[in-house]
Amino acid sequence: MKLFDVFHLLQTDLKEMDHEIEVSGLTSDSRKVKQGYLFIAIAGFENDGHKYIEEAIKNGAIAVIGEKRLLLSVPYIQVRNSRKTLGKLASIFYSHPSKKHRLIGITGTNGKTTTAYLIHHLLKEAGFSCGMIGTVENKINNHTKKAKNTTPDAVEIQSLLDESMDDFIILEISSHALHQHRTEGLQLDIAVFTNLTHDHMDYHHTIEEYYNEKKKIFSLLKEEGVGLVNIEDTWGEKIAREQVHHKIKTIGTAGDYDLQLTVKDARYQLKLTSVERESIVAESPLPGKHNLYNTAIAIAACLEAGISKEVITQGLKNFRGVPGRWEKFHNRKGAVFIIDYAHTEDALRYLLQTAKENSAKKIYMVFGFRGKRDKSKRVKMVKVASTYCQQFILTSDDINGESKSVVEEELYHLIPPYNNGEVMMDRTLAIKTMWEKGGSGDWVFIIGKGSENYQDIFHLQTKNDIETIHYLIECEKDEGC
Numbered sequence: 000m001k002l003f004d005v006f007h008l009l010q011t012d013l014k015e016m017d018h019e020i021e022v023s024g025l026t027s028d029s030r031k032v033k034q035g036y037l038f039i040a041i042a043g044f045e046n047d048g049h050k051y052i053e054e055a056i057k058n059g060a061i062a063v064i065g066e067k068r069l070l071l072s073v074p075y076i077q078v079r080n081s082r083k084t085l086g087k088l089a090s091i092f093y094s095h096p097s098k099k100h101r102l103i104g105i106t107g108t109n110g111k112t113t114t115a116y117l118i119h120h121l122l123k124e125a126g127f128s129c130g131m132i133g134t135v136e137n138k139i140n141n142h143t144k145k146a147k148n149t150t151p152d153a154v155e156i157q158s159l160l161d162e163s164m165d166d167f168i169i170l171e172i173s174s175h176a177l178h179q180h181r182t183e184g185l186q187l188d189i190a191v192f193t194n195l196t197h198d199h200m201d202y203h204h205t206i207e208e209y210y211n212e213k214k215k216i217f218s219l220l221k222e223e224g225v226g227l228v229n230i231e232d233t234w235g236e237k238i239a240r241e242q243v244h245h246k247i248k249t250i251g252t253a254g255d256y257d258l259q260l261t262v263k264d265a266r267y268q269l270k271l272t273s274v275e276r277e278s279i280v281a282e283s284p285l286p287g288k289h290n291l292y293n294t295a296i297a298i299a300a301c302l303e304a305g306i307s308k309e310v311i312t313q314g315l316k317n318f319r320g321v322p323g324r325w326e327k328f329h330n331r332k333g334a335v336f337i338i339d340y341a342h343t344e345d346a347l348r349y350l351l352q353t354a355k356e357n358s359a360k361k362i363y364m365v366f367g368f369r370g371k372r373d374k375s376k377r378v379k380m381v382k383v384a385s386t387y388c389q390q391f392i393l394t395s396d397d398i399n400g401e402s403k404s405v406v407e408e409e410l411y412h413l414i415p416p417y418n419n420g421e422v423m424m425d426r427t428l429a430i431k432t433m434w435e436k437g438g439s440g441d442w443v444f445i446i447g448k449g450s451e452n453y454q455d456i457f458h459l460q461t462k463n464d465i466e467t468i469h470y471l472i473e474c475e476k477d478e479g480c
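The sequence shown begins at 0 in numbering that gives the first Met the number 0 and counts up by one.
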């Protein structure tokens, strides 16, 4: 990319500029600037990138883009929206890499990761190479590395797409990413909306704002692209009514939908029938009614991608699950332990109802809340826990820089009026307590983090919930620790 072309694209004319100056990279992080980079200053929510312009120039930035009126020692362009500009330039810098793949984007409050893994698995079963960019990990060219965010920043997304030689790329797309224009320049073949429920009100303020960001995923569709919407969700129904894209296909159980979902029994068998009366009968490889919808929408996406019914039904039978989602363990006494990422009222209810459906004798739960995050959902989540659980423990998730004593006090305020809850700030000891309590036929849920590593240091000095459970399993073998 030539620097002159950047200025021309942004309708800024510098007649004396050398037309051959090459931009060697671009970033919004001044620490990552190298010689020849273009630095984009973003006024963030906790930090203002304009403060670091001089640092970026010292590190080798040959030009700067920002939102403020400034005079600098290097060429500068003032724009209305730095985030949007970064997304647009990132796509151009990497020569619009989304065009060389078939892209499937997934958004929704719950089910993004599970749906992404299901689609990824089925595409691989069909013989396609398939990458994935999401909450748990990024898979590119059969190489995997831990993800930092559900959706990376615009430069990293475009860089990953450029690096990838995969036929398909599946992207989990968060509302934050859509609002912050991290997805600018993407062109989706298939866009999926799973559901929308109360979450992230610390960021979006109202459920309507949250919805308006989520539905932007359909603006990323190619002209011939297809949107898939779970119509069982109230907000999905609203998307269909608003006709946000002319090729929206709806999935639901009771109505005139493009794909009619029929639950064949009380548990995990489903039938998906198109308006042309073509049907596919399959079993959800994961328990719970919510996973029936995740499975159905994954099947729909794979049908749109051209995968045969035979490959889909067979592929679902050997799906191994998702890291940190419904990971099941047992203690010596025969209690079932489930580690899951659930972090909303609805997600908790789905899990606990599934335990009831499976005749759980007693239900216990360990969960917490992240510091500096949406506090408006906490009361409802605790109410759900109290309703279904014999006992629950509120514990530390990640305090995110908040005072531990403040977080602890907030948790104690959530316990009344319930008499089956307690607070234990050390997450590993809370899990150990429930490990020792759970007996034959009991179900114990360890909720909120999934496979994520702890930010805080706890007594058992394990890295995450899964490692904590493995530690306790080894303790049992050694007759105690």
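By construction, the Cβ of each residue, glycine as well, lies at the ideal position given by its N, Cα and C atoms.
Rounded to whole angstroms, Arg426 and Arg319 show a C-alpha spacing of 27 Å. When DSSP reads this structure, Trp442 sits in a beta bridge with Val335 and Ile362.
By the neighbour-count criterion, in which 16 or more other beta carbons inside 10 Å mark a residue as buried, Glu231 falls on the buried side. Residue environment analysis places Asp477 among the exposed positions, since fewer than 16 neighbouring C-beta atoms fall within 10 angstroms of its C-beta.
For the 8 Å CB-CB criterion, Ala281 and Ile311 form a contact. The beta-carbon distance between Thr343 and Asn148, rounded to whole angstroms, is 18 Å. This is too long to meet the 8 Å contact definition. Rounded to the nearest whole angstrom, the CA to CA distance from Lys403 to Asp345 is 27 Å.
In the structure shown, Ile105 adopts extended strand secondary structure according to DSSP, grouped into three states. If you ignore the 5 residues before and after Thr294, its C-beta comes within less than 6 Å of the C-beta of Ser283, all in its own chain and listed in chain order. Straight-line spacing of the CA atoms in Glu19 and Ile52 works out to 24 Å.
Scanning its chain for C-beta atoms nearer than 6 Å, with the 5 sequence neighbours on each side dropped, one finds around Phe217 the residues Ala190, Gly226, Val243 and His244, in chain order. When the Cα atoms are used, Thr272 and Leu117 turn out to be separated by approximately 19 Å. Contact between Glu183 and Ala153 holds: their C-beta atoms lie close to 6 Å from each other, under 8 Å.
Excluding sequence positions up to five before and after Lys123, its CB lies within less than 7 Å of the CB of Cys129, all in the same chain and listed in chain order.
Taking every protein chain shown into account, the CB of Ala60 has 16 or more other CB atoms within 10 angstroms, so this residue is buried. DSSP places Gln390 in the uninterrupted beta strand (DSSP E) bounded by Gln390 to Ser395. Under the three-state reduction of DSSP output, Thr467 falls in the helix class. Uninterrupted alpha helix (DSSP H) stretches at least 4 residues long and entirely within the stretch 128 to 158 do not occur. Nearest neighbour of Val73 by Cα position, chosen from Ser81, Gln34 and Gly43, turns out to be Gln34.
Here Phe457 carries a coil assignment [DSSP, helix/strand/coil].
The beta-carbon distance between Val443 and Tyr363, rounded to whole angstroms, is 5 Å. This is short enough to meet the 8 Å contact definition.
In the DSSP assignment, Asp188 falls within the unbroken beta strand (DSSP E) covering Leu187 to Phe192. Distance between Asp464 and Tyr210, taken at the CA atoms: about 31 Å. Counting only runs that start and end inside the stretch 172 to 258, the alpha helix (DSSP H) elements of at least 4 residues fall at 174 to 178, 200 to 203, 206 to 213 and 233 to 241. Taking the Cβ atoms as the reference, Thr196 lies roughly 15 Å from Thr114, outside the contact range of under 8 Å. Three or more Cβ pairs closer than 8 Å define a contact, and the stretch 352 to 367 meets that threshold against the stretch 384 to 396. Excluding the 5 residues flanking it on each side, Lys214 has same chain C-beta neighbours closer than 7 Å at Ile238 and Val243, in chain order. Sequence-distant partners of Leu187 (beyond 5 residues in either direction) whose C-beta falls short of 6 Å from its own C-beta, in its chain, are Leu102, Gly104, Leu219, Leu220 and Gly224. Beyond the five residues adjoining it in sequence on each side, Arg68 comes within less than 8 Å, by CB distance, of Gln77 in the same chain, given in chain order. With contacts defined by Cβ atoms closer than 8 Å, Gly400 and Lys371 form a contacting pair. Ile472 and Leu9 have their C-alpha atoms spaced approximately 59 Å apart.
Sorting Gly287, Glu326, Asn330 and Met380 by C-alpha distance to the C-alpha of Asp339 places Glu326 at the top. About 18 Å separates the beta carbon of Tyr292 from that of Asn357, a gap too long to meet the 8 Å contact definition. In this structure Met164 is exposed. Its beta-carbon is surrounded by fewer than 16 other beta-carbon atoms within 10 angstroms.
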